[in-house]
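Engineer:
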Amino acid sequence: MTEELDPTAQDSDGGSEEVVLTPAELIERLEQAWMNEKFAPELLESKSEIVECVMEQLDHMEENLRRAKKGDLKVSIHRMEMERIRYVLSSYLRCRLMKIEKFFPHILEKEKTAHEGELSSLSPEELVFAKQYMANTETYLKNVALKHMPPNLQMVDLLRSVPKPDLDSYVFLRVKVRQENILVEPETDEQRDYVIDLEEGSQHLIRYKAIAPLVASGAVQLI
Amino acid sequence: MFCEKAMELVRELHRAPEGQLPVFNEDGLRQVLEEMKALYEQNQSDVNEVKSGGQSDLIPTIKFRHCSLLRNRRCAVAYLYDRLLRIRALRWEYGSVLPNALRFHMSAEEMEWFNHYKKSLATYMRSLGGDGGLDITQDMKPPKSLYIEKAECIKDCKRSAKTMGADLKDLSLDKEGII
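Line order of the protein sequences matches chains Y and D.
Position in the first sequence counted from 1, then plus 61, gives you the numbering used here.
Position in the second sequence counted from 1, then plus 762, gives you the numbering used here.
#1: Relative to the alpha-carbon of Q793(D), which residue among V232(Y), A206(Y), K99(Y) and L134(Y) has its alpha-carbon at the smallest distance?
#2: To which residues of the same chain is H167(Y) closer than 6 Å at the C-beta, ignoring the five residues directly before and after it?
#3: Taking the C-alpha atoms as reference points, what is the distance between P822(D) and E871(D)?
#4: What are the residues that DSSP puts in a beta bridge with R235(Y)?
#5: CB L199(Y) to CB L183(Y), shorter than 8 Å?
#6: Roughly how many angstroms separate the alpha carbons of M763(D) and E803(D), rounded to a whole number?
#7: Cβ of Y886(D) less than 8 Å from any chain Y Cβ?
#8: I want to verify the contact list: residues of chain D whose CB lies under 9 Å from the CB of S151(Y), in sequence order.
#9: Can you list, in chain order, the stretches of the beta strand (DSSP E) that have 3 or more residues and sit fully within the segment 77–139 of chain Y?
#10: Roughly how many angstroms separate the alpha carbons of M868(D) and F786(D), rounded to a whole number?
#11: Identify every residue that forms a DSSP beta bridge with I243(Y).
#12: What does a CB cutoff of less than 6 Å around A196(Y) pick up in its chain, not counting 5 residues either side in sequence?
#13: Would you list, in sequence order, the uninterrupted alpha helix (DSSP H) runs of no fewer than 4 residues that lie entirely inside the segment 140–190 of chain Y?
#14: Any Cβ of chain D within less than 8 Å of the Cβ of F164(Y)?
#15: For V785(D), which residues in chain Y fall below 9 Å Cβ to Cβ?
#16: When burial is assigned at 16 or more other CB atoms within 10 Å of the CB, is A191(Y) buried or exposed?
#17: Rounded C-beta distance between A838(D) and A778(D)? I'm assuming under 8 Å.
#18: Using the beta-carbon of each residue, which ones in chain D are nearer than 7 Å to E144(Y)?
#19: Mind checking whether E280(Y) and V232(Y) have CB atoms under 8 Å apart?
#20: Are the beta-carbon atoms of M798(D) and M210(Y) separated by less than 8 Å?
#21: Taking the straight line between their C-alpha atoms, what separation do you get for K163(Y) and Q806(D)?
#22: Taking a cut of 9 Å between CB atoms, which residues from the segment 867–879 of chain D lie near chain Y?
#23: Assuming the contact rule is C-beta atoms closer than 8 Å, S181(Y) and S107(Y) should be a hit. Round their C-beta distance to whole Å, please.
#24: Could you check what DSSP says for E874(D) in three-state terms: helix, strand or coil?
#25: Give me the subset of the segment 820–842 of chain D whose CB atoms are less than 7 Å from a CB atom of chain Y, sorted by chain position.
#26: Using a Cβ distance threshold of 8 Å, determine whether the segment 87–94 of chain Y contacts the segment 143–161 of chain Y, with at least three qualifying pairs required.
#27: With DSSP as the reference, label D819(D) as helix, strand or coil.
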């Protein structure tokens, strides 16, 4: 079905840079985003462009399959491919939703105080979902318990009660772009901080906090 | 001892294995709230006495009751919040219609929370992609069918089909291939 697959997938986002990816590259990007999101302790930047493009590709493939001859071997193979892609996409989005629900006060607080131009970690639809989740939970707690409590105890600070993501947790990564002088902070008082260089292609086990910006920039891939 | 009932609520959930939702302990919660009311009123009267008579030896008792109040609140909110997390998991496990047995374990307000959550999730899923959206509560496991069939080639297929990222080698005559 090479003839029917468009070799270039256009970015549906109007105003920004147009990135032209082959379908293979698009799926690779999706898988990278998926793995990063799975292994990172915090919610990563929203990759809505990738999600949108993948959905478009899935629609194209579905359409092509409907027009194809029945019993054609290619049909089964492409269907399998579609299932695989749909699984990765669903898993990626589920992972994000789970983190949003788990850390909702902190995530929403960060959105509120985000500066102009800073990339959001939530897509517009995720933001709506997060706000609804927070409102739903707050209303519930208020109506069932808090409003029946003494007046000075009726406000619960969710930012303090709900745990924050543990940025000190360890992650495995593979280096894609060589990095120099990465500062590794000490864990205990006896240790001192030191710097390391990350060679391209090398793999490391390191605290997430030390390399968080490198995940965002794409210089390292969590595995 | 104060906070006994509150601790019992927490212990009840701690004992229930993950995913299980015990019956909503309305009675237990009510008792915790009543204890809080009583503690608060006792504190109010003591605080007034201290303010008027200057009896500062009441202050440790006031502080103690305040700590009990905070603990009661913490346990109650933890109990309610943990139940919400379990109920949330039910949506992903059972879909939008819960089995009756589970519904009887939920309070009316918990049911309302569940309905709002369901709606919110549905709205989000509908917004994904073009028309119809994507139901991400499906496809929970990677596709297992790695092997569809043993393809016995009866004719020479010289054209290789390129799928997204995968290359199918030419299927040649008489070779059996597992795909």
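Ideal Cβ placement from N, Cα and C applies to all residues, glycine included.
Just so we're clear, the structure is a prediction, and the values are computed from it rather than from any experiment.
Structural biologist: So, from the listed chains and residues:
#1: If you number the second sequence from 1, residue 793(D) lands on position 31. Nearest C-alpha to Q793(D): A206(Y).
#2: For the purposes of this step, residue 167(Y) is identified with residue 106 of the first sequence, where counting begins at 1. Here the set comprises K225.
#3: If you number the second sequence from 1, residue 822(D) lands on position 60. If you number the second sequence from 1, residue 871(D) lands on position 109. Our two residues, P822(D) and E871(D), have alpha carbons roughly 38 Å apart in a direct line.
#4: As a position in the first sequence, residue 235(Y) is number 174, starting the count at 1. Note: R235(Y) sits in a beta bridge opposite Q264(Y) and Q282(Y).
#5: As a first step, residue 199(Y) must be located in the first sequence, where it is residue number 138. As a first step, residue 183(Y) must be located in the first sequence, where it is residue number 122. Per the sequence shown, residue 199(Y) should be read as Glu rather than Leu. No, these two residues do not count as a Cβ contact at 8 Å.
#6: Position 1 of the second sequence, counted from the first residue, corresponds to residue 763(D). Position 41 of the second sequence, counted from the first residue, corresponds to residue 803(D). Distance between the alpha carbons of M763(D) and E803(D): 17 Å.
#7: The residue given as residue 886(D) occupies position 124 in the second sequence. It does; some Cβ of chain Y falls within 8 Å.
#8: Looking up residue 151(Y) in the first sequence gives position 90. Those are L896, D897, I898, T899, Q900, D901 and M902, listed as they occur along chain D.
#9: none
#10: For the purposes of this step, residue 868(D) is identified with residue 106 of the second sequence, where counting begins at 1. For the purposes of this step, residue 786(D) is identified with residue 24 of the second sequence, where counting begins at 1. Approximately 6 Å, taken between the alpha carbons.
#11: Here residue 243(Y) refers to the residue found at position 182 when the first sequence is read from its first residue. Answer is I257(Y).
#12: Within the first sequence, numbered from 1, the residue matching residue 196(Y) stands at position 135. Around A196(Y), the same chain offers no residue with a beta carbon nearer than 6 Å, after the five sequence neighbours per side are excluded.
#13: 165–173
#14: In the first sequence, counting from the first residue as 1, residue 164(Y) sits at position 103. No, because no Cβ of chain D sits closer than 8 Å to the Cβ of F164(Y).
#15: Here residue 785(D) refers to the residue found at position 23 of the second sequence. When 9 Å is used as the limit between beta carbons, V785(D) is near no residue of chain Y, the shortest such separation being about 15 Å.
#16: Position 130 of the first sequence, counting from 1, holds the residue named residue 191(Y). Per the 10 Å Cβ criterion, buried.
#17: Walking along the second sequence from the start, residue 838(D) turns up at place 76. Walking along the second sequence from the start, residue 778(D) turns up at place 16. Rounded, the Cβ-Cβ distance is 17 Å, inconsistent with contact.
#18: Your numbering for residue 144(Y) matches position 83 in the first sequence. Correct list: P905.
#19: Within the first sequence, numbered from 1, the residue matching residue 280(Y) stands at position 219. Within the first sequence, numbered from 1, the residue matching residue 232(Y) stands at position 171. Looking at the sequence itself, residue 280(Y) is Ala, so the reference to Glu does not match. For A280(Y) and V232(Y), no; Cβs fall outside 8 Å.
#20: Here residue 798(D) is taken as the residue at index 36 of the second sequence, counted from 1. Here residue 210(Y) is taken as the residue at index 149 of the first sequence, counted from 1. The criterion of a C-beta distance shorter than 8 Å is satisfied by M798(D) and M210(Y).
#21: Within the first sequence, the letter at position 102 stands for residue 163(Y). Within the second sequence, the letter at position 44 stands for residue 806(D). Cα to Cα, the separation comes out at about 37 Å.
#22: S869, E871, E872, E874, W875, H878 and Y879
#23: Within the first sequence, the letter at position 120 stands for residue 181(Y). Within the first sequence, the letter at position 46 stands for residue 107(Y). That pair is a contact at about 6 Å.
#24: Here residue 874(D) refers to the residue found at position 112 when the second sequence is read from its first residue. Here E874(D) sits in helix by DSSP.
#25: L831, R835, A838, V839 and L842
#26: yes
#27: As a working note, residue 819(D) is residue 57 in the second sequence. DSSP places D819(D) in helix when its eight states are reduced to three.
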